[in-house]
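As structure tokens, the structure follows; a few thoughts come after it.
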């Protein structure tokens, strides 16, 4: 499909947006002073391209990015394949960040993070994206993950793990079969990112597997 995104800069500073993982025209790659001029405060820029690379991708600032991405100028950009050989019951997007907001999942730190909820027997796809500046090994208790794609490209040989290392800029797609009922911790395994003397914080959430009949 053809994508047309009109970006209006309401910031008090210049910026630019990069569609990470997409093959776009050079003039729309979103890197100020290299592929386009910075988008000035109050100005707009139209990004237009054909979505050709399926999978899990991102968009984010590429101008003063340490500050702007850290403050939230980012998001997921999902391109569905024409024919998807993977079937699942639920889908979750997990964007990690570690800049100005602390250690966060989708902009929030534990206990404000939203849990992943599934019914016993369901299959979940989780789209991990690292928009931060550090590596984050994500560890799931109680069940394993099956890794099926990296940076939008299918893995020719999916593999199983319970801890997946996600570097800045990477995207990983995993399947989780909800086979073990209960509330299971799901967190970054660099322990200072997830735990202190006061308990769990930061890059922590839970996978809740509900038995049938539980609302």
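In my numbering, the protein residues as written are 495 to 709.
Glycine included, every Cβ here is placed at the ideal spot set by N, Cα and C.
- [ ] Would you list the one or two residues that DSSP bridges to residue 659?
- [x] DSSP output for residue 659 lists 631 as bridge partner(s).
TODO: State yes or no: is the C-beta of residue 628 within less than 7 Å of the C-beta of residue 592?
DONE: Yes. Within cutoff.
- [ ] Spell out a yes or no on whether the region 582–601 and the region 555–564 are touching, meaning 3 or more CB-CB pairs, one atom from each, closer than 8 Å.
- [x] Here the region 582–601 makes contact with the region 555–564; the two share three or more CB pairs at distances below 8 Å.
TODO: Check whether the Cβ atoms of residue 599 and residue 697 sit closer than 7 Å, and answer yes or no.
DONE: Taking the C-beta atoms as reference points, residue 697 is found nearer than 7 Å to residue 599.
- [ ] Kindly indicate which three-state DSSP category residue 504 falls into: helix, strand or coil?
- [x] In this structure, DSSP gives residue 504 a state outside helix and strand, which the three-state scheme calls coil.
Open item on the list: I believe residue 547 touches residue 510 by the beta-carbon criterion, under 8 Å. Please report the beta-carbon distance rounded to the nearest angstrom.
Closed with: The pair is not a contact, with the Cβ atoms about 20 Å apart (cut-off 8 Å).
TODO: For the alpha helix (DSSP H) holding residue 559, just list the boundary residues, first then last.
DONE: Residue 559 -> alpha helix (DSSP H) spans 559–562.
- [ ] Assign residue 660 to buried or exposed, taking buried as 16 or more other Cβ atoms, counted over all protein chains shown, within 10 Å of its Cβ.
- [x] Label assigned to residue 660: buried.
- [ ] Give a yes or no on whether the C-beta atoms belonging to residue 652 and residue 641 are separated by under 7 Å.
- [x] Yes, these two residues count as a Cβ contact at 7 Å.
- [ ] Assign residue 518 to buried or exposed, taking buried as 16 or more other Cβ atoms, counted over all protein chains shown, within 10 Å of its Cβ.
- [x] Classification for residue 518: buried.
Open item on the list: Report the CB separation of residue 694 from residue 597 in whole angstroms; it is logged as a contact under 8 Å.
Closed with: Contact doesn't hold; Cβ gap of about 11 Å is too wide.
Open item on the list: Are the CB atoms of residue 703 and residue 672 within a distance shorter than 7 Å?
Closed with: Here residue 672 is near residue 703, since their CB atoms are less than 7 Å apart.
Task: Member of 638, 619 and 634 whose CA lies at the smallest distance from the CA of residue 665 - done: Minimum Cα distance to residue 665 is reached at 619.
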